[in-house]
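Visitor: My questions all concern the structure below.
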Amino acid sequence: AGRGFCSGGDVGGMGGGQDNRPHVTRARIADIIQAFPKRLARFDKPIIAAVNGVAIGGGMDLALACDFRVAGRSARFAETYAKIGLLPGGGGAYFLPRIIGKGRALELLLTADFIDAGTALEIGLVNHVFDDDSLLEQTHTIARRIASLPPLSVRLIKRTVVHGLESDMMSSLDLVSSFIAVTRAGPDHVEAIKAFREKRPGDYVGH
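In this note's numbering, the protein residues as written are 458 to 664.
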């Protein structure tokens, strides 16, 4: 929104007036900074980050916590924690290597370098780059395409992918078998097949 996605924490306000005892800091990080990525992780619906301008530090952590990212051509990304003697508290060190790989993630985290939208697209940090003035419209188009599909399938596909990243192949296959059994028994599967044959949008009930 506005000129930038999120510029992160107020560096000017750091270092003074806060209780920096370790147990206080730990609680503050867990209860405040990490509350949002934890909430996003429990959210079944797909979450798209539309990044315009800068996404720095905590702002980049926020974008990384989303399911995928699209960017305006003006977008710039950086994990700048190392420059101020800190670490990514909002999940950056967790999400980034899962998205772009360990080597590239460590380079960005350890150098605190900025990358532009083109580089972000090249390394797989974002899925698409759009002109700034069409970013939200293009993001809404993607969201509408997803929203036009059977809702239960969408939720369970996301859940399967997230589970698969944290588990072995056998348990992932077991889970997806159960999910397929659920979807095949539901009315939306029947409606989806019917809509496909009749070449029309589906009218889904969400289960």
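Glycine included, each C-beta is placed from N, C-alpha and C at the ideal position.
Since the structure is predicted, the reported quantities are computational estimates derived from the model, not experimental observations.
#1: Go ahead and label Leu613 buried or exposed: buried means 16 or more other beta carbons lie within 10 angstroms of its beta carbon, across all protein chains shown.
#2: Is Glu623 buried or exposed, if buried means 16 or more other CB atoms sit within 10 Å of its CB?
#3: Does the distance from the CB of Ala512 to the CB of Arg533 come in under 9 Å?
#4: Ignore the nearest five residues each way along the sequence and tell me which others in Phe636's own chain have a CB closer than 8 Å to its CB.
#5: At which residues does the alpha helix (DSSP H) containing Phe653 begin and terminate?
#6: For chain C, check one thing: does any of its Cβ atoms lie closer than 9 Å to the Cβ of Ile637?
#7: Here's the rule I'm using: 16 or more other beta-carbon atoms within 10 Å means buried, otherwise exposed. How should Ile572 be labelled?
#8: Which full runs of the beta strand (DSSP E) of 3+ residues lie inside the region 573-629, going along the chain?
#9: Under three-state DSSP, which class holds Gly515?
#10: Is Ile556 closer than 9 Å to Asp521 when the C-beta atoms are compared?
#11: Run through DSSP, which three-state label would Ala498 get?
#12: Would you report the Cα separation of Arg499 and Phe493, rounded to the nearest angstrom?
#13: Just to confirm my understanding: we take Pro658, look at its own chain, exclude 5 residues before and 5 after, and list those with CB closer than 8 Å. What are they?
Guide: Let's see:
#1: Taking the first residue of the sequence shown as position 1, residue 613 is located at position 156. So Leu613 ends up on the buried side.
#2: As a working note, residue 623 is residue 166 in the sequence shown. Exposed, because fewer than 16 other Cβ atoms sit within 10 Å of the Cβ of Glu623.
#3: Translated into positions along the sequence shown, residue 512 becomes position 55. Translated into positions along the sequence shown, residue 533 becomes position 76. Taking 9 Å as the Cβ cut-off, Ala512 and Arg533 qualify as a contacting pair.
#4: On the sequence shown, residue 636 is found 179 positions in, with the first residue counted as 1. Excluding residues within five positions, the ones whose Cβ falls inside 8 Å are Leu613, Arg616 and Thr617.
#5: Walking along the sequence shown from the start, residue 653 turns up at place 196. That run of the alpha helix (DSSP H) goes Pro644 to Glu655.
#6: Among the chains of the structure shown, chain C does not appear; only one protein chain is present.
#7: As a first step, residue 572 is located in the sequence shown; it is residue number 115 there, counting from the start. Looking at its Cβ environment, which holds 16 or more other Cβ atoms inside 10 Å, Ile572 is buried.
#8: 585-587
#9: Walking along the sequence shown from the start, residue 515 turns up at place 58. Three-state DSSP puts Gly515 in a helix.
#10: Stepping through the sequence shown from its first residue, residue 521 is reached at position 64. Stepping through the sequence shown from its first residue, residue 556 is reached at position 99. Reading the sequence as shown, one finds Leu at residue 521 and not Asp. Yes.
#11: Mapped onto the sequence shown, residue 498 falls at position 41. It is helical.
#12: Walking along the sequence shown from the start, residue 499 turns up at place 42. Walking along the sequence shown from the start, residue 493 turns up at place 36. So the alpha carbons of these two residues sit roughly 10 Å apart.
#13: Along the sequence shown, read from residue 1 onward, the residue named residue 658 stands at position 201. Same-chain partners within the cutoff: Ser605 and Ala652.
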